[in-house]
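For the protein sequence lines, the chains are C and H, in the order given.
Those letters in the first sequence? Residues 20 to 386, by this note's numbering.
Those letters in the second sequence? Residues 719 to 1273, by this note's numbering.
The structure under discussion appears below in the form of structure tokens.
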Amino acid sequence: MSGAGSTPALPDSFLRLEHLTKRFAGTAAVEDLSLSIDQGEILALLGPSGSGKTTTLRLLAGFEAPDTGRIVLEGQDVTRTTPVGRRFGMVFQHYALFPHLDVAENVAFGLRSRGVRGDALGQRIGEALRLVDLAGFERRRVTELSGGQQQRVALARALAPEPRVLLLDEPLSNLDPSLRERTRRELRSVIHRIGITTVLVTHEQEEAFDLGDRVALLAGGHLEQVGTADELYGSPRSAFVAGFVGRSSRLDALVRRQDDQSLWLEVDGVEWIVARSPSDTWAPGAGERVLLVVRPESVRLANPESDVLSGEVVGRRFTGALAQFTVETDRGLLIEVSALPDAAAIGDRVGVAPTGLGVHVYPRVQA
Amino acid sequence: MRAARNRGQLAGWALVVLLGWLVIYPIALVLLESVGGPGNWTTEFLRQFAGRKNEWSALWGSLWISAVSVCLAGAIGIPLAFLFARYDFPGRRILSGLVALPAVLPPLVGVIAFLFLYGESGFVSHLVRKVLRLDGPPWRLEGAGAILLVHAYSMYVYFYLFARAGLARLDGSLFEAAASLGAGRWRTFRHVTLPLLRPALTGAALLTFMTSLASFSAPYIFGGGFRVMTTQIVSTRLNGEYSLAMVETAALAALALVGFWVFGRGDRGEVLVGPAKGAAPVALRLHHRWSRALAGTSAWALAVVLLLPHLTLILVSFVPLGTWTTEPIPPAYSIENYVSLMSEPARLRPLLNSVAMATVATLAAVSLAVAAAILVVRRRVRARRVITTLLTLPWAVPGTVFAIAIATAFSVSSPWTGRFLLVGTFWILPLAYLVRNLPIAGRGIVAGFRQLDPSLEEAAATLGAGPWRTLTRVTLPLLRPALAAAATLAFVTALGDFVTSIILYTYDTRPISLEILSSLRDADVGIAAAYGVFLMLASAVVFALGGERREVEAR
């Protein structure tokens, strides 16, 4: 509580992470991470393994204490509060259901800890199980349940004591792909129905975009970008975000000249005039070498002429209305291009040209 | 939260001090006393030890008896494990249970059963004498041969159980893979099965070596003129040569540590057998009529041999005092031994003593092990390495050594023992049992904790359960199989203990084993056998309970 007065609490953010840093044996798992989450919002922490998303969730739950930084809930510093005192609900990756207790007793566990007894207890267990559509499963052993049912028991158990924040650790990763989408829908509807503030960790972008109102993309313990799915896809603030969200190819390019709307680039010895993405904040100077990130829909197949970037189709992935072609240029660059499935076949010689859609340029990172 | 972490570290060091006081301090004292102790350093006793031929022959005897015991136990246990794991024949399931039966005989009880069976006037000796029309007994159950016989009988179980557990964990698809790669039966055995079983087999060898090095009952009863270190120590002490006994104790401890080191080096590859997803190889059904008959007959013959000591014990326990003299089979039977065991206060006392002392020791060992496991596995305190080492150490030290060490440490009222004069009180034996049981309890419970998913306890915390509620409602219930197994083994070991008791008991606290010994001296074989049956049944019941629990959890 000591720091409560030093930083004025913003009335509009329900849960705030302020400059959190956590090191394990000298290596930073999370570094200077700041995020704020509104009441009733679902925030997805997305990132590759080792990005610090699980550590962030464990800091939120109170299983780990940050080396520096604060966690503020409704203006109250909870950084050093124990998990018990925090009253956050959590669904664990492997559910962590108590195997020696039946379904009802698992749900009752948190209620009993909070002093709920007698008729109220039975009533609250019933409500929680109805919420996840498991009424009538009270006396079943948790080990007899299917993966999807276990996941729902875990959710009911976490929600029953009416926690202030719900934490979900890879909630769908243990389910069959066929079950995942349906469970995701159900999960979303339950969370929305009770309107609880939720933080979820996932490494699947589809899951993050579908469940999260906003997505925080983490890499190497840093927050790369936080925003809606559209913002992350359309206006990636770094080459990492552009590469992680959606499909893309990375090309080396040389800037010849530029104006407000367009860039004149030299790619593999060929001139490309591309539209500048309106959200890009970084502007390269003429003569600068840059990293060009190209979405498959930002390029099209063209005739292989001398002033067109040309190469051979080396891969074709059918995805329905469109196919994704991989073109290897004469100098060995690989570019992914979206086109109609019958536009080319493997082994064809084709050209690749930019469409009018925006591409993203970033400073080249020196290795 | 930081304060909690510091409390954890503090608790860790407190446990180190407590374990050090129980485990290290007595042994250190023995080592000091063997060179005279502070103030009067002397190498006189060392020179005495080195100068006597008896001492060297006892040391050598301990060593070679242990080495041969390992070979014999392996030669019986390993083929049996393969037979039962790989081949199906009539009676396989019942027999595979019977094969582990020697384990329910505490060492002293097994020894007296052998005495009734193969001793000079035992049943088998009588029978052989009759059949061959001999004048005297056909053999004398004495010396190295007798010791090895008992060792082989009681210790092959280690190899059998370890090898069976190892075989059951092997993924059947490994053998299918070997076969599909063109490996024949021998090549598969040599290059797949054996390397994968090696950790289990070295584990069994280590256990056998340490157990026979520490073996006391067999050499004590059957040794005759044959010397081993354990009996040597006790007789030197009885002769009043305390300092020389200290040197002998130190020598035995050193021998044990060498054995521990030699076999322990092979025990590192435990990870070799990963969590197998496939099923264990299915037992091969013997189809040929002759091979079925052969396997069946020899297995049943073996079962009879294995069961004979148990049956003998039960039979003899019904023999009234003074009725069995020269007859091959006792002529009269009654339940008067059991009645006297239950009704005569002097007879009942040792039973109650043993049960009470074993209960106290088991509860203490399990509680200490749980505390150690929490600090080592969950809190990951800085002293965790020291704690686990201290927990395992008594295992590498023979019981006689510990008994002498504890007798030395707690027989004087020094500030180091908290001014408690423990020798001669009720508490000295439970304390000794506790120290001896620390490895059994510690190993099982720490391993159980390691297998427990930490997120279960974290889940309890997010659900508002404090540390105490989490421990009692989540952790301990989930650990029940490990706790039951550890408590079972600890209790049975303490109940039948002879090695430490013979050095530390008093008349008022005399345990069952000492009463068995004195009944034998009075030629009251019936009472001795009745006590033996009690120990055997108690062990069997406790093992059955522990085993059942584990099966329930597995389901």
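Note that the Cβ used here is the ideal one computed from N, Cα and C, for glycine as well.
Everything numeric in this text was worked out from a predicted model, so none of it was measured.
C:Glu50 and C:Val218 have their C-alpha atoms roughly 18 Å apart. Of the residues assessed, H:Met1060 falls on the exposed side of the cut-off, its CB having fewer than 16 other CB atoms within 10 angstroms.
Using a CB distance cut-off of 8 Å, C:Pro85 does not count as an interface residue toward chain H. Put simply, the backbone Cα of H:Ala1074 is about 34 Å away from that of H:Ala1050. Cβ-Cβ distances below 7 Å link H:Arg858 to Glu838 in the same chain, with the five nearest sequence neighbours on each side left out; the list follows chain order.
With contacts defined by Cβ atoms closer than 8 Å, C:Arg183 and C:Val91 do not form a contacting pair.
Non-local beta-carbon contacts of H:Arg1187 in its own chain, meaning distances under 8 Å to residues more than five positions away in sequence, involve Ala1178 in chain order. Contact with chain C is absent for H:Val1095, since none of that chain's Cβ atoms lies less than 8 Å from the residue's Cβ. Here the alpha carbon of C:Arg336 sits roughly 19 Å from the alpha carbon of C:Gly262. Checking the DSSP bridge columns, you'll see C:Tyr114 partnered with C:Phe111. Remark: fewer than three beta-carbon pairs, one from each stretch, lie closer than 8 Å, so the stretch 119-130 of chain C and the stretch 195-209 of chain C are not flagged as touching. Within 10 angstroms of the beta-carbon of C:Asp349 lie fewer than 16 other beta-carbons, which makes it exposed.
Beta-bridge partners assigned by DSSP to H:Ala831: none are found. Between C:Leu251 and C:Gly231, the alpha-carbon positions lie close to 12 Å from each other. When the five nearest sequence neighbours on each side are left out, the beta carbons in the same chain lying within less than 8 Å of the beta carbon of C:Gln168 are those of Leu153, Phe156, in order along the chain. Between C:Pro323 and C:Val369, the C-beta gap is smaller than 8 Å, which places the two residues in contact.
For H:Val1088, no CB of chain C lies under 8 Å from its own CB, so it is not counted at the interface with that chain.
Scanning its chain for C-beta atoms nearer than 7 Å, with the 5 sequence neighbours on each side dropped, one finds around H:Leu1253 the residues Pro824, Val827, Leu1213, Gly1214, Ile1230, in chain order.
At a cut-off of 8 Å between beta carbons, H:Leu1174 contacts chain C. Annotation: Cβ neighbours of C:Arg106 in chain H (cutoff 8 Å, chain order): Gly1182. Close to chain C, meaning a Cβ-Cβ distance shorter than 9 Å, are the following residues of the stretch 1195-1207 of chain H: Pro1195, Leu1196, Arg1198. Taking 8 Å as the CB threshold, H:Ala1179 lines the interface with chain C.
The alpha-carbon separation between C:Gly88 and C:Leu39 amounts to approximately 4 Å.
Contacts between H:Arg1187 and chain C, judged by CB atoms closer than 7 Å, involve Ser132 in chain order. For C:Ala115, the closest Cβ of chain H is nearer than 8 Å. For the stretch 1088-1118 of chain H, the full-length alpha helix (DSSP H) segments reaching 4 residues or more read 1102-1114 along the chain. H:Val1192 reaches chain C at Phe117, counting residues in chain order whose Cβ is nearer than 7 Å.
Cβ neighbours of H:Leu975 within its own chain (closer than 7 Å, five residues either side excluded): Ala1114. Cα atoms of C:Val378 and H:Gly890: separation of roughly 55 Å, rounded to the nearest angstrom. Pairwise C-beta distances place the stretch 212-227 of chain C in contact with the stretch 66-73 of chain C, as three or more of them are shorter than 8 Å. The closest CA to that of H:Ala1150, considering only H:Pro1116, H:Leu777, H:Gly943, is found on H:Pro1116.
Counting only runs of 3 or more residues that sit fully inside the stretch 1012-1049 of chain H, no beta strand (DSSP E) segment turns up. Ranked by how close their Cα comes to the Cα of H:Thr761, the residues H:Leu962, H:Ile1220, H:Tyr871 have H:Leu962 in first place. By the CB criterion at 8 Å, H:Val910 and H:Ala932 fall outside the cutoff.
Inter-segment contact for the stretch 90-106 of chain C and the stretch 161-175 of chain C is absent: fewer than three beta-carbon pairs are separated by less than 8 Å. In this structure, the alpha-carbon of H:Ile1032 lies about 7 Å from that of H:Ala1247.
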